[in-house]
Amino acid sequence: MTGGHGGAGPEPAGPAGSTGSAGADAAGVAGAATSGGAEVTGAPPPGAARVVLVHGAWHRGVSWAPVARVLERSGVPVSAPDLPAERGGYEEQVAAVLAAAGPDLPDAAVQPEGRGRPVVLVGHSLGGLAATVAAARLGAGRVRALVLVGALVPEPGRPQLDRLRSDTGLMVPGYDAGVRRGEGPVTFWPDASVATSGLYRGVADELAGPGAAAADRAEAERLVTAAVAQLRPQDWSLLREPCPIEAWPGVRTVSVVCSDDRVVDPAGSRREAERIGAEVVEIPGGHFPMLTRPAALGGLLADLAVGTGLPARS
1 MTGGHGGAGP EPAGPAGSTG SAGADAAGVA GAATSGGAEV TGAPPPGAAR
51 VVLVHGAWHR GVSWAPVARV LERSGVPVSA PDLPAERGGY EEQVAAVLAA
101 AGPDLPDAAV QPEGRGRPVV LVGHSLGGLA ATVAAARLGA GRVRALVLVG
151 ALVPEPGRPQ LDRLRSDTGL MVPGYDAGVR RGEGPVTFWP DASVATSGLY
201 RGVADELAGP GAAAADRAEA ERLVTAAVAQ LRPQDWSLLR EPCPIEAWPG
251 VRTVSVVCSD DRVVDPAGSR REAERIGAEV VEIPGGHFPM LTRPAALGGL
301 LADLAVGTGL PARS
């Protein structure tokens, strides 16, 4: 992480595959979303968990739209809440995740033991911090899996900013080049071109693929422009607060490592996965597989929602 703005976390955009698959699946990144975040639900398979998609810094729930559509087509219920961007402490962030997970109410048709529908909590980038604490609050009775996608991984009781300062290998230098400081612990992107060359660097190339035709390149750039248009200021208070859990959640944890991540260092992600004892799934491409590889990521999450294994996906 570069110094100077008091902490910034990674955020959305996406690695790519061919224009045909990545571009088509990502086409709705700027699709409709309410102020409370995007939510879609289908007729869920018996016992399917609700997938709660937690976005990263500067973003909104709509950044998950391509993956949400994949899950909806699979019949898996999904929520993608907007986290409070200008009230950035753990309590505010975690409260939004818990609200999206739904109440822990008796529902014999869902869980015979009398608990609410199980959930798969998915944290991308900065969202990994709030998703982890939410998993600890809900516990193994509700959480089928905690999935960390190119994510910051908290250490119980320790401020994440301390970790980022002591282990400079966790972040890739340059991802926040050009970001500006607002009031207090707030940063923002001054314009689309700065965010495209910093946070979203290389994303259009991934979406278009090597040797792309002019039309494919134009479509890839349109998708990146649509994603960048959704960015908003980000409060970084959460990084300064000690992680409010005493131990790692006792739930299945899966770390999705993006092999060419330009924000969260892939080698650092692998070390973090070993530290917390997570299962590791590697996805080719950069920091934003929800944009560039929604089918692969959505398929993995659908598998976890219905309790199946973790096949390798590319």
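Each residue of the sequence shown is one higher than the last, beginning at 1 in this note's numbering. Using N, Cα and C, we set each Cβ at its ideal position, and we do this for glycine too. Since the model is a prediction, treat every value here as computed from it, not as a measurement.
| Asked | Found |
| --- | --- |
| Min CB distance V149 to chain C below 8 Å | Of the chains in the structure shown, none is chain C; there is only one protein chain. |
| Test item: CB-CB of G88 and S237 under 8 Å | yes |
| DSSP bridge partner residues for I283 (one or two, in chain order) | C258 |
| Cβ-Cβ separation, G150 to H287 (assumed contact under 8 Å), whole Å | 5 Å |
| Beta carbon of A220 nearer than 8 Å to that of A204 | yes |
| L152 beta carbon less than 8 Å from that of G174 | no |
| Buried versus exposed call for E113 [16 or more other C-beta atoms within 10 Å across all chains shown] | Any reading at E113 must be qualified, since the residue scores a pLDDT of 44, below 50, and its modelled position is unreliable; the value itself is stated next. The residue is exposed, with fewer than 16 neighbouring Cβ atoms inside 10 Å. |
| Residues of its chain near V94, where Cβ-Cβ distance is below 6 Å and the 5 sequence neighbours each way are ignored | A130, V133 and A134 |
| A49 and V119 closer than 8 Å at C-beta | yes |
| Distance between G56 and G268 (C-alpha atoms, nearest Å) | 18 Å |
| Residue span of the alpha helix (DSSP H) that contains P66, given as start and end | A65 to R73 |
| Three-state class that DSSP yields for D176 in the structure shown | coil |
| Residues that V143 bridges to, as DSSP identifies them | V119 |
| Euclidean distance between Cα positions of A273 and P284 | 17 Å |
| In chain order, each beta strand (DSSP E) run of at least 3 residues that lies wholly inside the stretch 174-236 | 186-188 |
| Beta-carbon gap between V263 and S63 smaller than 8 Å | no |
| Sheet register partners of P159 (DSSP bridge) | P242 |
| Anticipated Cβ contact below 8 Å, G116 with G102, distance rounded | 6 Å |
| Alpha-carbon to alpha-carbon, A192 and V228 | 6 Å |
| Candidates H59, V70, G61 and L146, of which the one nearest V256 by Cα | L146 |
| Nonlocal neighbours in the same chain, by C-beta distance under 6 Å from D261, ignoring five residues either side | G150, G286 and H287 |
| Under 8 Å between C-beta atoms of L291 and P66 | yes |
| Cα-Cα separation, A302 to T308 | 9 Å |
| Residues that DSSP places opposite S166 in a beta bridge | Beta-bridge pairing links S166 to no other residue. |
| Residue(s) in a DSSP beta bridge with V153 | DSSP output for V153 lists no bridge partner at all. |
| E155 versus W248: straight-line alpha-carbon distance, rounded | 8 Å |
| Rounded C-alpha distance that separates A100 from A80 | 7 Å |
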